[in-house]
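Student: Take my numbering: the last position of the sequence shown gets the number 1780, and nothing is skipped along the way.
Virtual Cβ for every residue (Gly too), placed ideally from N, Cα, C.
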Amino acid sequence: MAIETAPEVYDEDTGRGFAFALVAYLLWGFLPFYMKAVAHIPAVEVVAHRVVWSVPIAAVVLILLGRTNDIRIALRTPRTLMMGMLTASIITVNWGIYVWSIGADRTVEAALGYYINPLFSVFLAAVLLKERLDGQQKIAIALAVAAVALLAWESGGVPWVSLSLAGTWGFYAYFKKSLPVGPNQGFFLEVLILTIPATFYIAYVEANGMGHFGGTGMVDVWLLLGCGVVTAVPLMIYANGAKLLRLSTIGIMQYIAPTMIFIIAVFVFKEPFGPTKLAAFVLIWMALGIYTSSLMRNRKARRAAAAALTSG
């Protein structure tokens, strides 16, 4: 899954951008059903196939867009290659935790992680980029911390699935900003880098009779092949939609996927959801409401300031 704030290229939303982003978030929202279907396969093996079968899909997209030369330049640029290795490593951990959490009946925790993600990104910007937090943002982060503390108290330990998903995606988005290629090219570069270890891992488990690509029936073969589609397609649709939307619109739409994941976890997968988890989610929803309000208010202030400069 991918919840990432894109650069604000357009000052106004476009219908095409909204359609692209909506389709991407809906696909991510339904992804738990697919991950549940492959839950009998080890998460590491699923991630390896997500990588390998994403490569041809991403390659076709770049060929159609005529952007293959960007990849040639990236592969010859040590700094870009090293940054690609870093983002590839982080997203691999994120994918692995997400796939495992669905199979382990911890989908509610996964949903919470992606709800926390935008708040963690704001916190990360304050710590690493020294961006000032306004009062509403501080309150939102405090509420998120309270929610995590509540879950930790209930379980007797840190809700590591939620925090790991939020943390890995937050750092992935942070470092991805330093990758000097477009989103489609960046995704292809990452899976291309990961293809070597992923292919070796698949070959190893198949050679030792532990793999699921052939020996356990054609259903597993098709499920693993489909991992490339469910990984690459929504991410690339999102990348093309985000650049046609305002930042504030993306900021609101990014809650679609975790909301769907939460509903699926509670009402379809029937995962436990007692009063303490409900209280924690209420705190998170309050935090996100405050954060979204702050996002909208700051945007209006920037537009007013820009208009004043123009008129002056």
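Expressed to the nearest angstrom, what Euclidean distance is found between the alpha-carbon atoms of Phe1588 and Gly1635?
Tutor: Counted from its first residue, the sequence shown places residue 1588 at position 120. Counted from its first residue, the sequence shown places residue 1635 at position 167. Taking the straight line joining both Cα atoms gives about 7 Å.
Student: DSSP state of Pro1600, grouped into three classes?
Tutor: Here residue 1600 is taken as the residue at index 132 of the sequence shown, counted from 1. In the sequence as displayed, the identity of residue 1600 is Arg instead of Pro. Of the three classes helix, strand and coil, the one that applies to Arg1600 here is coil, per DSSP.
Student: Between the beta-carbon of Tyr1797 and the beta-carbon of Ala1516, is there less than 8 Å?
Tutor: Any property of residue 1797 remains undetermined from this structure, which presents the chain solely from 1469 to 1780.
Student: With a 10 Å radius around its C-beta and 16 neighbouring C-beta atoms as the bar for buried, classify Glu1599 as buried or exposed.
Tutor: As a first step, residue 1599 is located in the sequence shown; it is residue number 131 there, counting from the start. Glu1599 comes out exposed.
Student: Does Thr1536 pass the burial test, meaning 16 or more other C-beta atoms within 10 Å, or should it be called exposed?
Tutor: On the sequence shown, position 68 is the one that residue 1536 refers to. Exposed: under 16 other Cβ atoms inside 10 Å.
Student: Enumerate in chain order the residues of its own chain whose CB-to-CB distance from Val1529 is below 7 Å, with the five nearest sequence positions on each side excluded.
Tutor: One-based indexing of the sequence shown puts residue 1529 at position 61. Contacts found: Asn1652 and Met1704.
Student: Give the secondary structure of Phe1681 by DSSP, where H, G and I count as helix, E and B as strand, and everything else as coil.
Tutor: Translated into positions along the sequence shown, residue 1681 becomes position 213. Note: Phe1681 maps to coil in three-state DSSP.
Student: Within a Cβ cutoff of 6 Å, which residues of the same chain sit near Leu1692, ignoring the five residues on either side of it in sequence?
Tutor: On the sequence shown, residue 1692 is found 224 positions in, with the first residue counted as 1. Here the set comprises His1517 and Phe1681.
Student: When the Cα of Asp1573 is compared with those of Ala1733, Gly1677 and Leu1592, which residue comes out closest?
Tutor: The residue you call residue 1573 lines up with position 105 of the sequence shown. Just measuring C-alpha positions, the residue of Ala1733, Gly1677 and Leu1592 sitting nearest Asp1573 is Ala1733.
Student: Give the straight-line distance between the Cα atoms of Phe1735 and Tyr1566, rounded to the nearest whole angstrom.
Tutor: Translated into the one-based positions of the sequence shown, residue 1735 becomes position 267. Translated into the one-based positions of the sequence shown, residue 1566 becomes position 98. Distance between the alpha carbons of Phe1735 and Tyr1566: 19 Å.
Student: Can you tell me which of Pro1740, Ala1617, His1508 and Gln1722 puts its alpha carbon nearest to the alpha carbon of Leu1756?
Tutor: Here residue 1756 is taken as the residue at index 288 of the sequence shown, counted from 1. It is Gln1722 whose Cα lies nearest to the Cα of Leu1756.
Student: Taking Ala1489 as part of the alpha helix (DSSP H), name the residues at either end of that continuous run.
Tutor: In the sequence shown, counting from the first residue as 1, residue 1489 sits at position 21. Gly1483 to Ala1505 is the extent of the alpha helix (DSSP H) around Ala1489.
Student: Compute the Euclidean distance between the alpha carbons of Ser1522 and Leu1657, then round it to the nearest angstrom.
Tutor: Counted from its first residue, the sequence shown places residue 1522 at position 54. Counted from its first residue, the sequence shown places residue 1657 at position 189. Going from the Cα of Ser1522 to the Cα of Leu1657 covers about 11 Å.
Student: With a cut-off of 8 Å on the beta carbons, I'd call Ile1509 and Asp1688 a contact; round off their distance for me.
Tutor: Reading the sequence shown from its first residue, position 41 is the one you call residue 1509. Reading the sequence shown from its first residue, position 220 is the one you call residue 1688. Right, their Cβ atoms sit about 7 Å apart.
Student: Do you know offhand how far Gly1696's Cα is from Trp1690's?
Tutor: As a first step, residue 1696 is located in the sequence shown; it is residue number 228 there, counting from the start. As a first step, residue 1690 is located in the sequence shown; it is residue number 222 there, counting from the start. For Gly1696 and Trp1690, the distance between alpha carbons rounds to 11 Å.
Student: Leaving out five residues before and five after Ala1505 in sequence, what residues of the same chain have Cβ atoms less than 7 Å from its Cβ?
Tutor: Position 37 of the sequence shown, counting from 1, holds the residue named residue 1505. Within the same chain, Ala1505 has close Cβ partners Leu1691.
Student: Quick check on the DSSP output: the alpha helix (DSSP H) that includes Val1697 runs from which residue to which?
Tutor: Within the sequence shown, numbered from 1, the residue matching residue 1697 stands at position 229. Start and end: Met1686 to Ala1710.
Student: Which residue's Cα is closest to the Cα of Gly1564: Val1512, Pro1648 and Gly1683?
Tutor: By one-based count along the sequence shown, residue 1564 stands at place 96. Considering only alpha carbons, the answer is Val1512.
Student: CA-CA distance, Ala1594 and Ile1609?
Tutor: For the purposes of this step, residue 1594 is taken as residue 126 along the sequence shown, with counting starting at 1. For the purposes of this step, residue 1609 is taken as residue 141 along the sequence shown, with counting starting at 1. Their Cα atoms are separated by approximately 11 Å.
Student: Could you check where the alpha helix (DSSP H) with Lys1644 kicks off and where it finishes?
Tutor: Looking up residue 1644 in the sequence shown gives position 176. Lys1644 -> alpha helix (DSSP H) spans Trp1628 to Lys1644.
Student: Quick one: is Ser1646 buried, meaning 16 or more other Cβ sit within 10 Å of its Cβ, or exposed?
Tutor: Within the sequence shown, residue 1646 is the residue found at index 178, counting from 1. Label assigned to Ser1646: exposed.
Student: Assuming Leu1495 and Pro1702 make a contact with CB atoms under 8 Å, what is their CB distance in whole Å?
Tutor: If you number the sequence shown from 1, residue 1495 lands on position 27. If you number the sequence shown from 1, residue 1702 lands on position 234. Confirmed, about 4 Å.
Student: Counting only the same chain and skipping the five closest in sequence on each side, list residues whose C-beta sits under 7 Å from that of Ile1607.
Tutor: Residue numbering aside, residue 1607 sits at position 139 when the sequence shown is read from its first letter. Here the set comprises Ile1758.
Student: Under 7 Å Cβ to Cβ from Val1673, same chain only, skipping five residues before and after it: list those, please.
Tutor: On the sequence shown, position 205 is the one that residue 1673 refers to. If we look at Val1673 and ignore the five residues flanking it on each side, its Cβ neighbours are Glu1513 and Gly1679.
Student: When we look at the beta-carbon of Pro1726 and count the other beta-carbons within 10 Å, is it buried (16 or more) or exposed?
Tutor: Here residue 1726 refers to the residue found at position 258 of the sequence shown. By the 10 Å Cβ count, Pro1726 comes out buried.
Student: Taking all protein chains shown into account, decide if Glu1472 is buried (16 or more other Cβ within 10 angstroms of its Cβ) or exposed.
Tutor: Here the question's residue 1472 lines up with position 4 in the sequence shown. With a pLDDT of only 42 at Glu1472, under the threshold of 50, the placement of this residue in the model should not be trusted; the figure read from the coordinates follows. When all chains shown are included, Glu1472 counts as buried.
Student: Please report the straight-line C-alpha distance between Ala1675 and Arg1771, rounded to a whole angstrom.
Tutor: For this step, residue 1675 is matched to residue 207 along the sequence shown. For this step, residue 1771 is matched to residue 303 along the sequence shown. Between Ala1675 and Arg1771, the C-alpha separation is close to 60 Å.
Student: In its own chain, which residues sit with a C-beta less than 6 Å from the C-beta of Ser1632, not counting the 5 before and 5 after it?
Tutor: For the purposes of this step, residue 1632 is taken as residue 164 along the sequence shown, with counting starting at 1. For Ser1632, where only same-chain residues beyond five positions count, the Cβ hits under 6 Å are Ile1565.
Student: Work out the CA separation of Met1551 and Ile1558 for me, nearest whole Å.
Tutor: Position 90 of the sequence shown, counted from the first residue, corresponds to residue 1558. Position 83 of the sequence shown, counted from the first residue, corresponds to residue 1551. Their backbone Cα atoms lie some 11 Å apart in a straight line.
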